[in-house]
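Read the structure below first, then the notes.
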Amino acid sequence: MPLGLSSRHVPSQAHVTFRWLNVGLTVVGVCQEETDRTGTMATPGGNQDADKSAASFKAFLMKNSTESNTNLYDHLTRVLMRVMDERPHNAVDVIEDLSRDVKRGLLQENQDNQSTLRDHQPTTTAGQLLAEQQRLLFSPGQETEEDEVEVETLLPNVAEIGFYLEQAGVGLGREETQRIFLALKQLLHSKPLKHCRLWGKILGVQSNYVVAEVQYREGEEEQLSTEDEEKEGETQDDEEEDEMGEVIDPLPRSTYKPPPVVPKEANGTGANKFVYFVCKEPGLPWIELPSVTPAQISAARQIRRFFTGRLDAPVVSYPPFPGNEANYLRAQIARISAGTQVSPNGFYVFEEEEGDEEDEEPRDSYVVNPDFEGFPASEMAEDPGFTWVHHVQHILKQGRCTWVNVAVKPEQESSEEEEEEKEEPDEPEPKREWGPPLLTSLSQDADMFDTPPWSARMSSTLTSQHAVAVLRSNFWPGAHAYACGKKFENIYIGWGLKFAGDGHTPSVPPPPQQECISGPEVSEALDPTLEEEQAQKAALEEQQASQEESEDMDGEEEEEEDDED
Amino acid sequence: MDSNSLLYSLDMVSTGYVLNVEQRAALQTSLDLLKKNYRFNRVLFWGKILGLEFHYFIAQGRGADELKDKKNLYSFDCMDWHLLPAVTEQMILDVSTAAKGRFTGDASHQYTHFETDVETGVEVSTTVTEETRLAVTIQRIDEEVSVVPRGAFTKTRDGPVQTNRCFGGLSHSEAQALDGFLHFAEPKRARRSLLDPLSEDIPDGSWSLQLERNGNVCVIRSLLWLGLNFFHVPMTPQHGYVYMGDGCRTKDLQLMI
């Protein structure tokens, strides 16, 4: 008889099942019929009748359904086969799910194996391509011995940092951390760097950024800065051309003067002290982020947006952000570094300077202190205000670390007379901005929205003698630092957003500007009314009439001479 | 995420926070004890709420009905657990009035809010403890952003919601769209299916769906409650969600997307 089973089932088992089914059905059929009729079990004499009723019941079972082209007999067989194969626990409880699954499986086999549960993957997925690129991370490489030694001194101790981060309860998991550090090693091989560090990971909506902080060796800086200057020159030329076109018919000139552009800091100083590289996943190529300008930092302070994960995505916001996502990312990295990169007090010291002690310029460089002793972890956790210091310069309101007076123009410094003429009397001298000096302790950090800026704790209370002190920033959620003995490290893993208290209030557009100054050529006057016009006309006519009369009297002699009329 | 699979589940999703070895070891022991003492069907490690001084570890026990029989417990050291009270409407109201700012880490801390009633002129104060705030926050997070893959739970008519033991996992293509994932809460929109899909959420774009680990794990993160991470390995029944964050809802989501 047709089994309707797929070929994977073993025929002998099917045979066994059929026999059981047959026997079972017969028994069931017999019992049911007899109990229906007499209410008691059947007697042996009624066997032939029982066989007939069993056969007719079986035929009923084998009748194909009009809708699905299968019958109950085959279905029950398949379900029981499945139970026999799988032997699920508490089979009676899951029998409905199994039955539905079997039906679904059969249906999809009939539909050319287009099962949604078991779809075939395309031959090379994005994941497989990435795996091939990540394989390169693990190859030992073919550099010379010198290179290898240099690289290895610069590369931080991977396993140790990963261990401490795990103790602190922060991080990305062991495998991913390992892959990221191998990717950092690749970066070290590809560029001439003197310093390289994992800065952290910034999460985005579509993909994430792994960020590395590096410093180039002296004299090997990239040429990105000159490209920016060329672009600025071009825009200035365009403005001059516009001015030339308006000489013929001068419109009222706008008195709006845009605020002066604060120049960005040179590479290697202030907010641009380090260069940052990002990649989407370890193994993919590292992309260098452009250096940051003060305008970008000021704008980033006023907006609040998630990162999409694409460096060229536009940043749509108010106030408009001057740049795309790469610039916004770089500005946020600068802000986070300035706010949360800390080290144990005494790890870094200033160099011995022979110059003036009243030097106005804030010091921006430090060296590792060879005599640093380290604090016990419990002290670092209990008194973070004293034991930790910032080692990245604070960014002033201007958007730079060192203040620049933008109102002073270099040409005016030559003669005082020119200054008096050109200097705007209305604009006050901009006040110099001061920030906390480098290596300030955390006790100087102010609260915001009633929240203290830092939270410190030990990584473990059960084994406190070996525990790690962990410092967490409350203003930049995701920024952590740990210290254990003489070792410490900072890391940021988060969305790149600052804590905003009860919600961020976007800035309001400025009030509309004053109208242009009314001079004689653009002054407004009321149109004269009808009566005034008529009165004026009448007065004019009278005047003309009186003039003509006086002319007539004078000119009569002249008219006698003229005989043309 | 299920206590049975805690060991490897946490590695699947990179939240930025990890549990160190000591905490994992403690959790393995204490969650089993919880299951026995409270007679839960399943015990999940729900996540961690970061307070200013101390952190709360949260566990959730599920009974016969996965959707309705839920009990939440908190602990400071992953060993001693305290049961959180069931949430009532009054509690939700009090917490939304009085609790402001971050969690402090002290369960008995009181938040007080003073308000002068407009009509009577009498000053009314609402006080709420941090424990209550914790309970309400966990319930809100579960209701608004808990995620399960489609097909992972079954419900018979008028019966309890239970795990589907025949769930084989979503396919790779299904796992790349938000359609395949549902909120694990009472459906808010009248629909034929059991739970609401994530793709119909307002505002649009409040979820981040990514394929991590070479496309082997689908990770969904909520932008509404930053810190909620869900993972699912396609073609396997492995899935789970965990919340590691400071318990604050994103207040200006529309401006940020």
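Heads up: the sequence lines are chains B and H, in that order.
In terms of the working numbering, the first sequence opens at residue 533 and continues consecutively.
In terms of the working numbering, the second sequence opens at residue 99 and continues consecutively.
All C-beta atoms, glycine included, are put in the ideal place defined by N, C-alpha and C.
Which residues mark the beginning and the end of the beta strand (DSSP E) in which residue i is found?
i                : result
Tyr989 (chain B) : At residue 989 (chain B) the sequence reads Arg, which differs from the Tyr that was named. Residues Trp986 to Met990.
Lys168 (chain H) : Lys168 to Ser173
Ala744 (chain B) : Tyr741 to Tyr748
Asn118 (chain H) : Careful: Asn118 (chain H) lies outside any beta strand (DSSP E) and carries neither H nor E.
Glu310 (chain H) : Trp305 to Glu310
Ser320 (chain H) : Val315 to Ser320
Would you kindly report the start and end of the unbroken alpha helix (DSSP H) that includes residue i?
i                : result
Met912 (chain B) : Ala909 to Glu914
Thr235 (chain H) : Glu228 to Val243
Lys717 (chain B) : Arg706 to Ser722
Tyr97 (chain H)  : With chain H represented from 99 up to 355, any question about residue 97 (chain H) goes unanswered, as that position is not in the structure.
Ala283 (chain H) : Looking at the DSSP string, Ala283 (chain H) is not in any alpha helix (DSSP H), and its letter there is neither H nor E.
Glu698 (chain B) : Val690 to Ala700
Thr872 (chain B) : Glu857 to Thr872
Glu905 (chain B) : Careful: Glu905 (chain B) lies outside any alpha helix (DSSP H) and carries neither H nor E.
Asn327 (chain H) : Counting along the chain, Asn327 (chain H) falls outside any alpha helix (DSSP H), though it belongs to the beta strand (DSSP E) covering Leu326 to His330.
Gly659 (chain B) : Ala658 to Leu669
Quick check: what's the CA-CA separation for residue i versus residue j?
i                 : j                 : result
Tyr341 (chain H)  : Gly219 (chain H)  : 42 Å
Trp305 (chain H)  : Pro908 (chain B)  : 43 Å
Met110 (chain H)  : Val900 (chain B)  : 38 Å
Glu850 (chain B)  : Ser973 (chain B)  : Going by the sequence as given, residue 850 (chain B) is Tyr instead of Glu. So the alpha carbons of these two residues sit roughly 35 Å apart.
Leu662 (chain B)  : Leu816 (chain B)  : 8 Å
Cys811 (chain B)  : Leu821 (chain B)  : 10 Å
Pro620 (chain B)  : Ile627 (chain B)  : 9 Å
Phe838 (chain B)  : Leu296 (chain H)  : 19 Å
Ser1082 (chain B) : Ala1057 (chain B) : 36 Å
Ala283 (chain H)  : Gln336 (chain H)  : 20 Å
Asp350 (chain H)  : Arg833 (chain B)  : 16 Å
Arg614 (chain B)  : Asn102 (chain H)  : 27 Å
Just confirm the distance between the C-beta atoms of residue i and residue j, as a whole number of angstroms; I'd bet it's less than 8 Å.
i                 : j                 : result
His1012 (chain B) : Val1002 (chain B) : 6 Å
Asn139 (chain H)  : Ala123 (chain H)  : Their Cβ separation, rounded to whole angstroms, is 24 Å, which puts Asn139 (chain H) and Ala123 (chain H) out of contact at 8 Å.
Gln260 (chain H)  : Phe251 (chain H)  : 7 Å
His94 (chain H)   : Pro247 (chain H)  : Given a span of 99 to 355 for chain H in the structure shown, any question on residue 94 (chain H) remains unanswerable.
Asp977 (chain B)  : Pro985 (chain B)  : 4 Å
Thr872 (chain B)  : Asn1022 (chain B) : 7 Å
Are the C-beta of residue i and some C-beta of chain B separated by less than 7 Å?
i                : result
Glu298 (chain H) : no
Glu120 (chain H) : yes
Val116 (chain H) : yes
Leu150 (chain H) : yes
Gly313 (chain H) : yes
Ser244 (chain H) : no
Asp350 (chain H) : yes
Tyr341 (chain H) : no
Ser223 (chain H) : no
Ser306 (chain H) : yes
At least one CB of chain H closer than 7 Å to the CB of residue i: is that the case?
i                 : result
Ala663 (chain B)  : yes
Ala1001 (chain B) : no
Gln864 (chain B)  : no
Ser992 (chain B)  : yes
Val737 (chain B)  : yes
Gly477 (chain B)  : Since the first and last residues shown for chain B are 533 and 1097, residue 477 (chain B) lies out of range.
Asp633 (chain B)  : yes
Thr983 (chain B)  : yes
Gly1010 (chain B) : yes
Thr648 (chain B)  : Confidence at Thr648 (chain B) is low in this model, with a pLDDT of 46, below 50, so the placement of that residue should be treated as unreliable; the coordinate-derived value is given next. It does: the Cβ of Thr648 (chain B) has a partner Cβ on chain H nearer than 7 Å.
Gly659 (chain B)  : yes
Glu762 (chain B)  : Legend: pLDDT at Glu762 (chain B) = 42, less than 50; position of this residue unreliable, no value from coordinates given.
Ser910 (chain B)  : no
Ser722 (chain B)  : no
Pro534 (chain B)  : In this predicted model, Pro534 (chain B) has a pLDDT of only 44, less than 50, meaning its place in the structure is not dependable enough to derive any value.
Gln997 (chain B)  : no
Gln873 (chain B)  : no
Glu857 (chain B)  : no
Which bits of chain D does residue i rub up against, with CB to CB less than 7 Å?
i                : result
Arg263 (chain H) : In the structure shown, chain D does not exist; the protein chains are B and H.
- Item | Within 7 Å of chain H by C-beta, residues of the region 1016–1027 of chain B in sequence order | Of all residues in the region 1016–1027 of chain B, Ile1025, Gly1026 and Trp1027 have a Cβ within less than 7 Å of some Cβ in chain H.
- Using a Cβ cut-off of 8 Å, which residues of the region 834–851 of chain B contact any Cβ in chain H, in chain order? Here the close residues are Arg836, Arg837 and Phe838.
- With 7 Å as the limit, tell me which residues of the region 701–720 of chain B have their beta carbon closer than that to any beta carbon of chain H; keep them in chain order. If you check each beta-carbon in the region 701–720 of chain B against every beta-carbon of chain H, the ones closer than 7 Å belong to Gly701, Val702, Gly703, Leu704, Gly705 and Glu708.
- Query: Using a beta-carbon distance cut-off of less than 7 Å, what residues from the region 99–113 of chain H approach chain B?
  - Reply: Here the close residues are Asp109 and Ser112.
- Taking any Cβ of chain B, which residues in the region 197–221 of chain H have a Cβ under 9 Å from it, in chain order? Those residues of the region 197–221 of chain H that come within reach of chain B (Cβ to Cβ, closer than 9 Å) are Lys198, Gly199, Arg200 and Gly203.
- Message: Along the region 162–192 of chain H, where does the CB come closer than 8 Å to a CB of chain B? Name the residues.
- Response: Taking 8 Å as the upper bound on Cβ-Cβ separation, chain B lies near residues Asp175 of the region 162–192 of chain H.
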